[in-house]
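Residue numbers (the working numbering): 10 to 403.
Glycine included, each C-beta is placed from N, C-alpha and C at the ideal position.
Please read these numbers as outputs of a predicted model, since none were measured by experiment.
Before any comments, here is the structure.
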């Protein structure tokens, strides 16, 4: 079976914003990436169990995932190129253990948290969001002892990103604001829609990660992983045709067009983007969920804005991004901070907080297990050696 993306499914630092990442007219070539990744993942799980973290956190594997993510994006897969940085960051720290002595608890989940926080900070030029992401994940895994070291890693990553890429704002600067009863009604609708759709999306991903596909589709996937990846690529191409080629890549261009009110994005873009992201996920392509989730959320905000005619459409697009993202990852503080930093719009703090808290609460009713914690646990169940203590799952 193609290895579902676990804790390595997030976050890589781009040299520039995602506008250059892939052309929306580029065909879906996902099978070229998913096929070798599926086979390697299938063959490598047993060896990972014997060799433990030395294999899972090897620099060779991290480099391969970076390359495959770039090729997948070039082929039109609906993933974020921030994908492998969690594993890359963890691998770098793990392989530096001979030079720097880390406490034992950092050799477990702490490395994943550090990689995730540093990846958020570097990928989107949002250092505050990276720190908040690390804090929220540490709170879940009870890693408060590692806070100083982890936050230092996030800060260094953010400074390095600013030095290399310059101090830019990911989506530019927006001046939209929520006002009047129609605007606040739109905030509530975005929160509810983001929670329902984000929670449902996470539940589907976790069901696939734990059990694969049901029936004959699951048998076909396990027996012929390369052919299954090819089928996923064909389905992704059909989704692209149905959506006017809007779902390929991370969705940066589409989200920015919706924010700025320029260009035309297909009706129902948010749902098309969700479907394309799910197909890309099950194919086995390594890549991130952050960027596609933000883009899908922008589409959801667009739909809500069409229902609430007197509200500022740009403001509801911003709210939709944060709400759906919060529904997927169930990290409300990270969600509103990252969107606030990406749009450089501090006037939206209160409505962003309201929408993300509502979306998270609704999402937890549908998917009680937080996505990344559950994916990490599922992945570690397959690859960790018997010597890894159960505290990793806490």
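- Bridge partners of residue 297 according to DSSP: 89.
- No residue range can be given for residue 223, since it is assigned to no alpha helix (DSSP H) and is classified by DSSP as neither H nor E.
- Contact annotation, residue 66 with residue 99: C-beta distance approximately 5 angstroms; criterion of less than 8 angstroms satisfied.
- The Cβ atoms of residue 163 and residue 126 lie closer than 8 angstroms to each other.
- Residue 304 places its beta carbon 8 angstroms or farther from that of residue 270.
- Distance from residue 160 to residue 138 at the Cβ level is roughly 13 angstroms; contact not present, criterion being Cβ atoms closer than 8 angstroms.
- Shortest Cα-Cα distance from residue 174 to any of 130, 292, 281 and 372 involves 130.
- A Cβ-Cβ distance of about 6 angstroms is found for the pair residue 371 and residue 201, placing them in contact under the 8 angstroms criterion.
- Less than 8 angstroms separates the beta-carbon of residue 301 from that of residue 88.
- Around the beta carbon of residue 359, fewer than 16 other beta carbons lie within 10 angstroms, which makes this residue exposed.
- Within the same chain, Cβ atoms closer than 6 angstroms to the Cβ of residue 330 are found at 303, 306, 307 and 348, the five residues on either side in sequence being excluded.
- Counting along the chain, residue 292 sits inside the alpha helix (DSSP H) bounded by residues 278-292.
- In this structure residue 178 touches residue 353 by the C-beta definition: roughly 5 angstroms separates them, less than 8 angstroms.
- The closest CA to that of residue 285, considering only 243, 379 and 102, is found on 243.
- The beta carbon of residue 335 sits closer than 6 angstroms to those of 341, 344, 365, 368 and 369, all from its chain and outside the five residues before and after it, given in chain order.
- Take the alpha-carbon of residue 79 and the one of residue 189: they are about 44 angstroms apart.
- Per DSSP, the unbroken alpha helix (DSSP H) holding residue 79 starts and ends at 68-83.
- Rounded to whole angstroms, the gap between the alpha carbons of residue 255 and residue 264 is 10 angstroms.
- Looking at 104, 361, 298 and 85, the one whose alpha-carbon comes closest to that of residue 63 is 104.
- Distance from the CA of residue 312 to the CA of residue 101, rounded to the nearest whole angstrom, comes to 42 angstroms.
- Proximity to residue 169 across 133, 180 and 185 peaks at 133, based on C-alpha coordinates.
- Separation of the CB atoms of residue 215 and residue 378 is rounded to 6 angstroms, and the pair is thereby assigned contact status at 8 angstroms.
- Rounded to the nearest whole angstrom, the C-alpha separation of residue 136 and residue 124 is 13 angstroms.
- In this structure residue 232 is exposed. Its beta-carbon is surrounded by fewer than 16 other beta-carbon atoms within 10 angstroms.
- Separation of residue 193 and residue 310 (C-alpha to C-alpha, rounded to the nearest whole angstrom) is 13 angstroms.
- Annotation for residue 267: the continuous alpha helix (DSSP H) segment containing it runs 261-269.
- Secondary structure note for residue 180: it is in no alpha helix (DSSP H), with a DSSP letter that is neither H nor E.
- A residue is called buried once 16 or more other Cβ atoms fall within 10 Å of its Cβ, and residue 234 is buried on that count.
- Residue 333 places its beta carbon less than 8 angstroms from that of residue 203.
- The C-alpha of residue 390 lies about 12 angstroms from the C-alpha of residue 382.
- Measuring C-alpha to C-alpha distances from residue 314 to each of 279, 298, 299 and 292 identifies 279 as the nearest.
- Looking from the CA of residue 384, the closest CA among 220, 84, 171 and 181 belongs to 220.
- For residue 292, the closest of 206, 356, 245 and 253 by C-alpha to C-alpha distance is 245.
- Assignment of residue 379 by DSSP, reduced to helix, strand and coil, places it in the coil class.
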